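For reference, the structure discussed in these notes is given below.
Chains as they are written, first to last, in the working numbering: chain A, 1 to 134; chain B, 1001 to 1060.
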C-alpha cells in the first residue's frame, strides 16, 4: 500500500515541464507563450525586458561570472536570471557602467531585479506545466 | 543612448513593472492578478512616499 501511495505522488516529468522553464529563462515570458498563455507571456516579456533595457540605458553595470567579491557573485546570480538578455548584453560588451551618471546605480539594480523577476516567471511557467496552476 | 530618471520616476517605473510580474505569477485568475498587481503597485509607491516623508522628518 505505501508503494502505491508513493507511486501516485511521483508524477512523471513531462517534456513541457522541462522545456517551458528553459525557454522561459532564455526569453522572458516564452515559457508561458509555448503553453498558450499568450497575454501573460507577452506582459511578462514586456515588463522584464523593459526593466532590463532601461537598466542598460541608465548606464547600469552588468556583473560577470568571475567577479570575485561575494556581492559581485550575488549580482551575477541576479543578472543571469535574465537569460538571453544577459547573454546578448555580455556578448555585445554592453553594461560597463558609468560612474559619471548618478542614476547608473539604479540601472544596475534594475537589471538585477529583471533577472530575479524572470526566475519567478520561470517557476510560474513550471507550475503551469505540471498542472499546479492554470 | 542614456536615460536619466529621477528617483521618484525610477521608483514608479520599477513599481509598475515589478507589480505586473508579481500579479501574474502570484495569483490564479485574471481578476485576482489585476487586483494583486494593483495592490503591489500601491504598496510600492506608498512605501516610497512614507520612506520619503520619514527621511524628510529625520532631516529636520
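Ideal Cβ positions, reconstructed from N, Cα and C, are used throughout, including at glycine. None of the values given here were measured: they were computed from a predicted structure.
Can you list, in chain order, the residues of its chain whose CB lies under 7 Å from that of residue i, leaving out five sequence neighbours each side?
{"i": "residue 98 of chain A", "result": "59 and 104"}
{"i": "residue 126 of chain A", "result": "17, 20 and 21"}
{"i": "residue 122 of chain A", "result": "21, 24, 25 and 31"}
{"i": "residue 1024 of chain B", "result": "1033"}
For the alpha helix (DSSP H) that contains residue i, what are its first and last residues?
{"i": "residue 1055 of chain B", "result": "1030 to 1059"}
{"i": "residue 101 of chain A", "result": "Per DSSP, residue 101 of chain A belongs to no alpha helix (DSSP H) and is neither H nor E."}
{"i": "residue 13 of chain A", "result": "It is not in any alpha helix (DSSP H) - residue 13 of chain A carries neither H nor E in the DSSP assignment."}
{"i": "residue 1005 of chain B", "result": "First-last for residue 1005 of chain B: undefined, no H or E at that position."}
{"i": "residue 95 of chain A", "result": "Here residue 95 of chain A belongs to no alpha helix (DSSP H), and DSSP marks it neither H nor E."}
{"i": "residue 72 of chain A", "result": "70 to 80"}
{"i": "residue 33 of chain A", "result": "30 to 33"}
{"i": "residue 87 of chain A", "result": "84 to 91"}
What would DSSP say about residue i, mapped onto helix, strand or coil?
{"i": "residue 40 of chain A", "result": "helix"}
{"i": "residue 1 of chain A", "result": "Confidence at residue 1 of chain A is low in this model, with a pLDDT of 46, below 50, so its placement is unreliable and no value can be given for it."}
{"i": "residue 7 of chain A", "result": "Since pLDDT at residue 7 of chain A reaches only 45, below the 50 mark, its modelled position is unreliable, and the value read off the structure follows with that caveat. DSSP places residue 7 of chain A in helix when its eight states are reduced to three."}
Just tell me which of the options has its CA closest to the CA of residue i.
{"i": "residue 117 of chain A", "options": "A/68, A/83 and A/134", "result": "A/83"}
{"i": "residue 1020 of chain B", "options": "B/1053, B/1059, B/1046 and B/1037", "result": "B/1037"}
{"i": "residue 65 of chain A", "options": "A/119, A/53 and A/86", "result": "A/86"}
{"i": "residue 1040 of chain B", "options": "B/1001, B/1007 and B/1026", "result": "B/1026"}
{"i": "residue 63 of chain A", "options": "A/78, A/49 and A/57", "result": "A/78"}
{"i": "residue 1045 of chain B", "options": "B/1056, B/1031, B/1008 and B/1055", "result": "B/1008"}
{"i": "residue 1015 of chain B", "options": "B/1047, B/1030 and B/1001", "result": "B/1047"}
Which same chain residues, not among the five before or five after residue i, have their C-beta less than 8 Å away from its C-beta?
{"i": "residue 51 of chain A", "result": "110, 111, 113, 114 and 117"}
{"i": "residue 67 of chain A", "result": "73, 75 and 76"}
{"i": "residue 54 of chain A", "result": "107 and 110"}
{"i": "residue 1 of chain A", "result": "Because residue 1 of chain A sits at a pLDDT of 46, beneath the cut-off of 50, its placement in the model cannot be relied upon, and the following sentence gives the value as read from the coordinates. Answer for residue 1 of chain A: no residue qualifies."}
{"i": "residue 1005 of chain B", "result": "1013"}
So, for residue i: in the same chain, excluding its five sequence neighbours on each side, which residues have a beta-carbon less than 6 Å away from its beta-carbon?
{"i": "residue 1010 of chain B", "result": "none"}
{"i": "residue 7 of chain A", "result": "Residue confidence is low: residue 7 of chain A scores 45 on pLDDT, short of 50, so the model does not pin down where it sits. No coordinate-derived value is stated."}
{"i": "residue 119 of chain A", "result": "81"}
{"i": "residue 29 of chain A", "result": "41, 44 and 45"}
{"i": "residue 88 of chain A", "result": "none"}
Relative to the ligand ATP, is the shortest distance from any of its heavy atoms to the C-beta of residue i smaller than 8 Å?
{"i": "residue 1054 of chain B", "result": "This structure does not include the ligand ATP; it has no bound ligands of any sort."}
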